[in-house]
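**Q** As given, the protein sequences belong to chains A and B, one line each in that order.
Taking my numbering, the leading residue of the first sequence gets 1034, the next gets one more, and so forth.
Taking my numbering, the leading residue of the second sequence gets 373, the next gets one more, and so forth.
Input: one structure, supplied below.
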Amino acid sequence: MDRTAKARPKRRREKLPPLTRAERQEVADAMRLFEEDTVWVDDHYQELLEKYPEQWIVVKNKTVIASDADLDSLVARVPELPFLCREFITRDREEAFL
Amino acid sequence: MTVRGLLRGGAPYFLVWVRTASIRGAVWLLADTGAPRTTLLDTGAKSLHIPPADLEPAPSPMVGIGGVTRCSILRNAEIRLQSDEGDWSVLHDLLITQHDLQTLWPAGRSRVLNLPSILGRDIIDRFRFIYEHATGTVLLEG
């Protein structure tokens, strides 16, 4: 028997308040922009590869606003990262990853 | 309702919004009918700024073709998709898989960080999944 697991205190589940209509619209807008920036990255991948090889980039409104070889550094530098398109630009993009 | 995905590098992806009491943000998920659980991998988890304190150890590690990784659970996460007729959301216990990056060589670390997060059957099964490579069609219909 896993005594450690049994002794672990149960976490209290915080109730997640539903989004308001305005917040839902904000999320929809943010996701649409995120997707548009992703499509822009896919369409300009070769150009980006020349400028940012083996680097992470952050894209906002079809413009690269930050780049770094280290993801942790980018996470620390760009607080709005969760809402923005981020991609690792690599020559091995289509390499199998199974 | 129809959720439109995107063919990226020849693979079907869906953009999801993840929200908990402490985080929110978007992440692309690779639609993988071979994966039973929707799972955020290293980059997805880092990019969403998930606080380690929000993660609960999973009962067992995750086993994949690449080996065994440690696994956590992000309880009560809201997964939101945008459809043609509005949004769709569900509260979900999301799996988080993180590799021990310090033990990897630099090229290996980059490759692991480039792994996509996964949309598994626990979400896909709620819809009809349509994927046609020739026409670039990637849909979830419900």
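For each residue, glycine too, the CB sits at the ideal point set by N, CA and C.
All values reported here derive from a predicted model rather than from experimental measurement.
Which chain B residues sit within Cβ distance under 9 Å of A/Met-1060?
**A** The residue given as residue 1060 of chain A occupies position 27 in the first sequence. This sequence places Val at residue 1060 of chain A; Met is not what is there. In chain order: Trp-389, Arg-391, Arg-396, Ala-398, Arg-452, Gln-454, Asp-459.
**Q** Taking only the alpha-carbon atoms, compute the straight-line gap between A/Asp-1062 and B/His-421 and give it to the nearest angstrom.
**A** The residue you call residue 1062 of chain A lines up with position 29 of the first sequence. The residue you call residue 421 of chain B lines up with position 49 of the second sequence. If I take the Cα positions, the gap works out to 21 Å.
**Q** With DSSP run on the structure shown, which of helix, strand or coil describes A/Asp-1076?
**A** In the first sequence, residue 1076 of chain A corresponds to position 43, counting from 1. Three-state DSSP puts A/Asp-1076 in a helix.
**Q** What are the uninterrupted segments assigned as alpha helix (DSSP H) that are 4 or more residues long and contained completely in the stretch 1044 to 1118 of chain A, given in chain order?
**A** If one requires a minimum length of 4 residues, the alpha helix (DSSP H) runs lying completely within the stretch 1044 to 1118 of chain A are 1054 to 1076, 1078 to 1084, 1104 to 1110, in chain order.
**Q** If you follow the alpha helix (DSSP H) that B/Pro-478 is part of, which residue opens it and which one closes it?
**A** Your numbering for residue 478 of chain B matches position 106 in the second sequence. 478 to 485 is the extent of the alpha helix (DSSP H) around B/Pro-478.
**Q** Cα separation between A/Glu-1059 and B/Leu-412?
**A** As a first step, residue 1059 of chain A must be located in the first sequence, where it is residue number 26. As a first step, residue 412 of chain B must be located in the second sequence, where it is residue number 40. Cα to Cα, the separation comes out at about 23 Å.
**Q** CB A/Tyr-1091 to CB A/Ala-1099, shorter than 8 Å?
**A** Sequence index remark: in the first sequence, residue 1091 of chain A carries index 58 (1-based). Sequence index remark: in the first sequence, residue 1099 of chain A carries index 66 (1-based). It should be noted that the sequence gives Val, not Tyr, for residue 1091 of chain A. Their beta carbons are under 8 Å apart, which means A/Val-1091 touches A/Ala-1099 by this criterion.
**Q** Taking all protein chains shown into account, do 16 or more other C-beta atoms lie within 10 angstroms of the C-beta of B/Glu-450, making it buried, or fewer, making it exposed?
**A** Walking along the second sequence from the start, residue 450 of chain B turns up at place 78. Its Cβ being crowded by 16 or more others within 10 Å, B/Glu-450 is buried.
**Q** Where are the alpha helix (DSSP H) runs, 4 residues long or more, that stay fully inside the stretch 389 to 446 of chain B, in chain order?
**A** 414 to 419
**Q** Look at B/Asp-497 and B/Thr-410 and say whether their C-beta atoms are less than 8 Å apart.
**A** Numbered from 1 along the second sequence, position 125 holds the residue referred to as residue 497 of chain B. Numbered from 1 along the second sequence, position 38 holds the residue referred to as residue 410 of chain B. For B/Asp-497 and B/Thr-410, no; Cβs fall outside 8 Å.
**Q** Does the beta carbon of B/Arg-380 come closer than 8 Å to any beta carbon on chain A?
**A** Position 8 of the second sequence, counted from the start, is the residue given in the question as residue 380 of chain B. Closer than 8 Å: yes.
**Q** Could you tell me if A/Asn-1094 is buried or exposed, where buried requires 16 or more neighbouring beta carbons within 10 angstroms of its beta carbon?
**A** Looking up residue 1094 of chain A in the first sequence gives position 61. A/Asn-1094 comes out exposed.
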